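Enquirer:
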Amino acid sequence: KRGEQTLVLAPEIEGVERLVEAFEELLPAGLTVAPYHSALGSKRSAIYEAARWGEVDVLVGTRAAALLPVARLGAVCVMDEPNEAHRASPGYEGVPLHVREIAISRGRVEDAVAIFFSPSPSLRLYAPESGASRLPAIEADRWPAVSVVDMRGTGAALSSTLLDTCRRTTRAGGRVGVVVNRLGSAASFSCTRCGFVWRCARCDVPLRLRKEASYKSLFCNHCSHREAAGEDCPSCGSDRLGSTGIAVGRTRAELKEALRVEVGLVTAEAREEEEAPVVVGTARCVLDAEWDLVVVPDVDSLLIGGTNSTERGFGLLYGAAQASRNRLLVQTRSPEHHVLQAALRGDYEAFAAAELPKRRKLRYPPYAYLAEIVFEGAEETMRLAVESRLRPALGYAVEMLDPVQFAGNKGRSAWRVLLRSRQRVALARAAALVGRFVAEDRNRSGLEARINMDPEED
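If you use my numbering, the sequence shown corresponds to residues -9 to 448, in order.
1) Could you compute how far the alpha carbon of Leu173 sits from the alpha carbon of Arg373?
2) Mind checking who Met372 pairs with in its DSSP beta bridge?
3) What residue range does the beta strand (DSSP E) around Leu408 cover?
4) For the stretch 117 to 125 against the stretch 214 to 227, are there 3 or more C-beta pairs whose distance is under 8 Å?
5) In three-state DSSP terms, what is Gly163?
6) Would you call the stretch 331 to 340 and the stretch 376 to 387 in contact, with 3 or more CB pairs under 8 Å?
7) List the residues that DSSP assigns as beta-bridge partners of Ala135.
8) Is there at least one Cβ from chain B nearer than 9 Å to Glu11's Cβ?
9) Looking only at its chain, what residues have a beta carbon closer than 8 Å to the beta carbon of Val89, apart from the 5 residues adjacent to it on each side?
10) Can you pull the DSSP bridge partners for Ala439?
11) Quick one: give me the first and last residue of the alpha helix (DSSP H) that Ile13 is part of.
12) Could you tell me if Asn171 is buried or exposed, where buried requires 16 or more neighbouring beta carbons within 10 angstroms of its beta carbon?
13) Could you give the distance in angstroms between the alpha-carbon of Ser175 and the alpha-carbon of Tyr308?
14) Does the stretch 381 to 388 come close enough to the stretch 363 to 372 that 3 or more CB-CB pairs lie under 8 Å?
15) So, for Glu14: in the same chain, excluding its five sequence neighbours on each side, which residues have a beta-carbon less than 7 Å away from its beta-carbon?
16) Is DSSP giving Glu91 helix, strand or coil here?
17) The alpha helix (DSSP H) that contains Val388, what's its start and end?
18) With respect to the beta strand (DSSP E) encompassing Phe186, which residues constitute its N-terminal and C-terminal limits?
19) Grab the span of the alpha helix (DSSP H) containing Cys275 for me, first residue to last.
20) Can you find the residues in the same chain that come closer than 6 Å, C-beta to C-beta, to Ala203, ignoring five residues on each side of it along the sequence?
21) On the three-state DSSP scale, how would you describe Ala218?
22) Which residues does DSSP pair with Ile105 in a beta bridge?
23) Identify whether Ser451 lies in helix, strand or coil by the three-state DSSP scheme.
24) What is the C-beta distance between Pro86 and Asn442, in whole angstroms, given that I count them as a contact (C-beta under 8 Å)?
25) Assuming Gly254 is part of the beta strand (DSSP E), what are its boundary residues?
26) Among the residues of its own chain, which have a CB less than 6 Å from the CB of Ile236, if the five just before and after it don't count?
27) Alpha carbon to alpha carbon, what distance is there between Ala310 and Val168?
28) In the DSSP assignment, what are the bridge partners of Gln395?
29) Does the beta-carbon distance from Leu352 to Asp444 come in below 9 Å?
30) Is the beta carbon of Arg317 closer than 9 Å to that of Leu283?
31) Using DSSP with H/G/I as helix, E/B as strand and the rest coil, what is Arg142?
32) According to DSSP, is Leu173 part of a helix, a strand, or is it coil?
33) Do the stretch 131 to 141 and the stretch 312 to 326 make contact, defined as three or more Cβ pairs closer than 8 Å?
34) Taking the CB atoms as reference points, tell me whether Pro111 and Glu71 lie closer together than 9 Å.
35) Just to confirm before moving on: does the CB-CB distance between Cys184 and Gly143 stay below 9 Å?
36) Indicate the three-state DSSP secondary structure (helix, strand or coil) for Thr322 in the structure shown.
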């Protein structure tokens, strides 16, 4: 009504096209709605110019549209705000900024409002310290029946309850979507009898299992803390210990053998028998459709990880409930987990109320800023760069966690260093220092570094 333009950002191209169709149907006649994404090819330049000259009322695009010039910007709307697709991967398309940060900055600079839409917004935005106002919540239009299968003490990957529920659904003509951890298998070490997970006392993230030449050790991917992998569970005394998680391929094979029906596959890399009565795949692919039954056979691997895994886990389970017409079934060895319980009720406020105090205590975003720096090069060169140049130059305002060593690209050694500070400017200066001395020494020492400011994956 004020003659201003609206920029709407969606995480995927398919979402852009759906929004354009919806806006054309719902908005008053005479308004111009246009899409902007990489699949448009040469048409993008014409849309770019139209937006710049104010000839588009509503511009709907992916993150590629986040910085498009708009003549009379009135609002920036970010759909499905926590979606990982809103942020480029480190090293791709320059600095991997989340469109959330771009929307906030554009709103401030261009005197426009930034509005974020999600049933499970990021805690960085939801925390009172962000300064964002909360609009009234919109209740879910439907919620499925929920079944939780306690897998403690079973040692099985797929329970008889899960298999029987799948059989009943397919025999009634329904379809089943099965969501498996996108990483294939989780890296955390746990007790398969009671569900106890070894965690870092300093960082409160699960310790990962590393098999050395003659023994097993546990290490923290944040601060490099190490300890020996015990033989017995400190909680229940069981010796049934191991890494949690099941892979997409294994799940598909076991379902096919047990159910005696076609089982399809949908991932970013492969799509096979998509119309089968049962389809196994990653969350992003499976939850893009609707199913009579949605199954999450290993919900623990989605909830137990870095500090951000709880947010992703809540969002995934909420999405799984929304994608299910009738029933949601999850398997877990931690049925009392507060994130699981809140997600299965669709209670985001309870989830946030439990998680934010933990983040404040551990000094994770939104209560501190992080920078991830990955060095690659000769071992001694990296050691000198980190211990002789970076650490002494940080000052009191920036904390550096101990480096974590791993195998880098093309077999080279790599060190991951995490910097943390309550002052964003101090953290940016530290990262800039790394950029300068790496650029100066690259030709002589071969040292390389990737800098990831405010990583979404903490």
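Where a beta carbon is used, it is the ideal one built from N, C-alpha and C, also for glycine.
Bear in mind that the values here come from a model prediction, so they are computed numbers and not experimental data.
Expert: If we stick to the structure as given:
1) Residue confidence for Leu173 is low, a pLDDT of 42 falling below 50, so the modelled location carries little weight; the figure read from the coordinates is stated next. Roughly 30 Å separates the two Cα atoms.
2) In the DSSP output, where bridge partners are listed per residue, Met372 has none listed.
3) 403 to 411
4) no
5) coil
6) No, they do not touch.
7) Arg317
8) In the structure shown, chain B cannot be found, because there is only a single protein chain.
9) Taken in chain order, the residues that qualify are Leu(-1), Arg53, Ala56, Val68, His76, Arg77.
10) Phe365
11) A quick correction: the sequence has Phe, not Ile, at residue 13. Looking at the DSSP string, the run of the alpha helix (DSSP H) that includes Phe13 is 3 to 16.
12) Buried, since its Cβ has 16 or more Cβ neighbours within 10 Å.
13) Per-residue confidence for Ser175 stands at a pLDDT of 40, beneath the threshold of 50, marking its modelled position as unreliable; the derived number appears in the next sentence. Roughly 21 Å separates the two Cα atoms.
14) no
15) Val23
16) helix
17) Going by DSSP, Val388 is part of no alpha helix (DSSP H) at all; its letter is neither H nor E.
18) Run containing Phe186: none; DSSP gives neither H nor E here.
19) 273 to 276
20) Unreliable positioning characterises Ala203 in this predicted model, as indicated by a pLDDT of 47, which lies under 50. The coordinate reading is nonetheless provided below. Closer than 6 Å at Cβ, skipping near neighbours: no residue.
21) If DSSP states are grouped into helix, strand and coil, Ala218 belongs with the strands.
22) Cys67
23) Outside the displayed range of the chain (-9 to 448) lies residue 451, so it cannot be described from this structure.
24) 6 Å
25) 253 to 256
26) Cβ within range, chain order: Ala147, Asp288.
27) Their Cα atoms are separated by approximately 10 Å.
28) Trp405
29) Not closer than 9 Å, so no.
30) yes
31) coil
32) At Leu173, the pLDDT of 42 sits below 50, so the modelled position is not reliable and the matter cannot be decided from this model.
33) They touch, by the three-pair rule.
34) Annotated as proximal: Pro111 and Glu71, with beta-carbon spacing under 9 Å.
35) yes
36) strand
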